[in-house]
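Visitor:
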Amino acid sequence: MDPLALIISVAQIAAVIALLNGVLTTLGDAKIAVAAIEAIARQPEAAGSVTSNMFIGMAFAETSGIYGLLVAIILLFANPLIPIYLANAA
Amino acid sequence: MDFNNKVLHVFHLFGVEIWLTQTIVNTWAIMAALTLFALAVRILLRRFKPVPAGFQNAVELAVEAFGSVVRNAVGEKYMYLGNWFFMVFAFILASNLSGVLGLRPPTADFATTFALALATFVLIQVIGFTQRKGKYLKSFFEPIFIFFPLNLLGELARPVSLSFRLFGNVLAGMILLGLVYQLPIYLRFVIPAAAHAIFDVFFGALQTYVFCVLSLSFIGAAAKQAGE
């Protein structure tokens, strides 16, 4: 097998695995949204501050999802292994 | 498809290479637009009415809404931070929305977001140290001194996570829009407009708000942990 093709295909599989953490990230976001909706249903007058706190909490919960996304983007579009291989092959 | 930051021109100044990238050009364009807008607001509001009406009403609404966000996050004592963060807010919002015009958003470059997050980091350290002096340094050794490396890492991770959050969202939106524009021609009528509305306008505005509010609450936590 062509080593470059092997590197690229493994990188694509790794990118898919890195994106899989979106499942748990979305689950965490959903839990935050459920808690916020329950809080608003109990205390409708606090809806404004609950909503802004919900967005901040969601941004925190999404951090690991964003990291996985960046890893996937780097693997797909700026893979550091390909220049190393090309330099060694030349 | 190429999502990289294109280098438009390379200057040679005193033996140093200076790269003129898309990000720099777009940043200057956005800065010029914001400056012109600020000048226009200043000229339009030269005669300040005690009872606001029309355009003055809209400007006062924006400034007061941001002021209340700052007051909730850091308190009355640090209201001067609102000036800097309103500028950051306007700049990030304008650069995220510039994706609608087909420009490459400057916030899709890690250098821009890291510079903004580094400014927040410096503000956290300077305000924390000037407000609480030795107590701020002592807070790195709590609960006991063994936790110093962990506290230090947590402090250094803040600008990284702050900048990666904004950068990742904007870059992912840009790449998804690039993929949407590769659709077959009969699918290219409504879908790109909806994608722009979601990724550029909604997520752009949300991440701008999150960046400013998180920075403000970090600064507020550093300034008054002593139980005030």
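So the sequences go chain by chain: A and B.
When we follow numbering that gives the first Met the number 0, the leftmost residue of the first sequence carries the number 0, and every step to the right adds one.
When we follow numbering that gives the first Met the number 0, the leftmost residue of the second sequence carries the number 0, and every step to the right adds one.
All C-beta atoms in this analysis are idealised placements derived from N, C-alpha and C, irrespective of residue type, glycine included.
It should be emphasised that the depicted structure is a prediction, and the values quoted were computed from it without experimental measurement.
Would you identify the three-state DSSP class for LEU182 (chain B), choosing helix, strand or coil?
Guide: Reduced to three states, the DSSP call for LEU182 (chain B) is coil.
Visitor: Do you know how far the Cα of ASP199 (chain B) is from the Cα of GLY101 (chain B)?
Guide: C-alpha separation (whole angstroms): 11 angstroms.
Visitor: Listed from N- to C-terminal order along the chain, which residues in the segment 42–63 of chain A have their beta-carbon within a distance smaller than 9 angstroms of any beta-carbon of chain B?
Guide: The segment 42–63 of chain A vs chain B, Cβ under 9 angstroms: SER48, SER51, PHE54, ILE55, MET57, ALA58, PHE59, GLU61, THR62.
Visitor: So, helix, strand or coil for PHE76 (chain A), using DSSP?
Guide: Three-state DSSP puts PHE76 (chain A) in a helix.
Visitor: Any beta-carbon of chain A closer than 8 angstroms to the one on ALA194 (chain B)?
Guide: It does not: the Cβ of ALA194 (chain B) has no partner Cβ on chain A nearer than 8 angstroms.
Visitor: Considering just the uninterrupted stretch of the beta strand (DSSP E) at ILE20 (chain B), what are its terminal residues?
Guide: Note that residue 20 (chain B) corresponds to Thr in the displayed sequence, not to Ile. Taken as a continuous stretch (DSSP letters only), the beta strand (DSSP E) holding THR20 (chain B) covers 15–20.
Visitor: Mind checking the segment 164–179 of chain B against chain A and listing, in chain order, the residues whose C-beta falls within less than 8 angstroms of any C-beta there?
Guide: Of all residues in the segment 164–179 of chain B, ARG164, PHE166, GLY167, ASN168, LEU170, ALA171, ILE174 have a Cβ within less than 8 angstroms of some Cβ in chain A.
Visitor: Which same chain residues, not among the five before or five after GLY64 (chain A), have their C-beta less than 7 angstroms away from its C-beta?
Guide: ASN20, GLY21, THR24.
Visitor: When the distance is taken between beta carbons, is ILE174 (chain B) closer than 8 angstroms to PHE2 (chain B)?
Guide: Yes, the pair counts as a contact, with Cβ atoms nearer than the cut-off.
Visitor: Which two residues bound the contiguous beta strand (DSSP E) that contains PHE10 (chain B)?
Guide: Its beta strand (DSSP E) spans residues 6–12.
Visitor: Measuring only between beta-carbons, confirm whether SER160 (chain B) sits less than 8 angstroms from chain A.
Guide: SER160 (chain B) counts as touching chain A.
Visitor: According to DSSP, is LYS76 (chain B) part of a helix, a strand, or is it coil?
Guide: Reduced to three states, the DSSP call for LYS76 (chain B) is helix.
Visitor: At the level of alpha carbons, what is the spacing between ALA222 (chain B) and LEU80 (chain B)?
Guide: Going by the C-alpha atoms only, they are around 12 angstroms apart.
Visitor: Please classify PRO104 (chain B) as buried or exposed, where buried requires at least 16 neighbouring CB atoms within 10 angstroms.
Guide: By the neighbour-count rule (16 or more Cβ atoms within 10 Å), PRO104 (chain B) is buried.
Visitor: Measuring only the C-alpha atoms, how far is PHE88 (chain B) from ILE17 (chain B)?
Guide: If you take the alpha carbons of PHE88 (chain B) and ILE17 (chain B), they lie about 28 angstroms apart.
Visitor: For the 8 angstroms Cβ check, are there 3 or more pairs between the segment 27–46 of chain A and the segment 28–43 of chain B?
Guide: Short answer: they don't touch.
Visitor: What is the C-beta distance between MET53 (chain A) and ALA32 (chain A), in whole angstroms, given that I count them as a contact (C-beta under 8 angstroms)?
Guide: Indeed they touch by this definition, with Cβ atoms about 7 angstroms apart.
Visitor: Name, please, each residue of chain A whose Cβ falls closer than 9 angstroms to the Cβ of PHE113 (chain B).
Guide: Within chain A, no residue comes near PHE113 (chain B); the closest Cβ sits about 13 angstroms away, beyond 9 angstroms.
Visitor: Quick one: is ILE72 (chain A) near chain E, going by C-beta distance under 8 angstroms?
Guide: Checking the listed chains, one finds no chain E in this structure; the protein chains it contains are A and B.
Visitor: In its own chain, which residues sit with a C-beta less than 8 angstroms from the C-beta of PHE84 (chain B), not counting the 5 before and 5 after it?
Guide: Cβ within range, chain order: PHE65, VAL69, CYS211, SER214, LEU215.
Visitor: Got a sec: which bits of the segment 6–30 of chain A sit with their beta carbon under 7 angstroms from any beta carbon on chain B, in order along the chain?
Guide: Hits within the stretch: zero.
Visitor: Helix, strand or coil for MET0 (chain A), going by three-state DSSP, please let me know.
Guide: Three-state result, MET0 (chain A): coil.
Visitor: If you draw a straight line from the alpha carbon of GLU44 (chain A) to that of GLY74 (chain B), how long is it in whole angstroms?
Guide: So the two alpha carbons sit approximately 22 angstroms from each other.
Visitor: Spell out a yes or no on whether the segment 105–119 of chain B and the segment 147–155 of chain B are touching, meaning 3 or more CB-CB pairs, one atom from each, closer than 8 angstroms.
Guide: The segment 105–119 of chain B vs the segment 147–155 of chain B: no contact.
Visitor: If you pair each beta-carbon of the segment 47–67 of chain B with each one of the segment 157–167 of chain B, do three or more pairs fall below 8 angstroms?
Guide: Counting Cβ pairs under 8 angstroms, fewer than three are found: no touch.
Visitor: Check each candidate in B:VAL125, B:VAL179, B:THR22 and name the one with the smallest Cα separation from THR111 (chain B).
Guide: When each option's Cα is compared against that of THR111 (chain B), the closest is B:THR22.
Visitor: Could you tell me how far apart the beta carbons of LEU7 (chain B) and LEU19 (chain B) are, in whole angstroms, since I believe they sit closer than 8 angstroms?
Guide: With a Cβ gap of about 5 angstroms, LEU7 (chain B) and LEU19 (chain B) count as contacting.
Visitor: Any idea if SER97 (chain B) is buried or exposed, counting beta-carbon neighbours within 10 angstroms, 16 or more meaning buried?
Guide: Buried, because 16 or more other Cβ atoms sit within 10 Å of the Cβ of SER97 (chain B).
Visitor: Among residues of its own chain, excluding the 5 on either side of ARG41 (chain B), which ones have a beta-carbon nearer than 7 angstroms to its beta-carbon?
Guide: Cβ within range, chain order: n/a, list empty.
Visitor: Please name the residue, chosen from B:PHE128, B:ILE91, B:GLN124, that lies closest to LEU115 (chain B) on a Cα-to-Cα basis.
Guide: Residue B:ILE91 is the option with its Cα nearest to LEU115 (chain B).
Visitor: Using 8 angstroms for Cβ pairs, my map puts VAL15 (chain A) next to ALA35 (chain A). What's the rounded Cβ distance?
Guide: Contact flag wrong, Cβ pair sits at about 31 angstroms.
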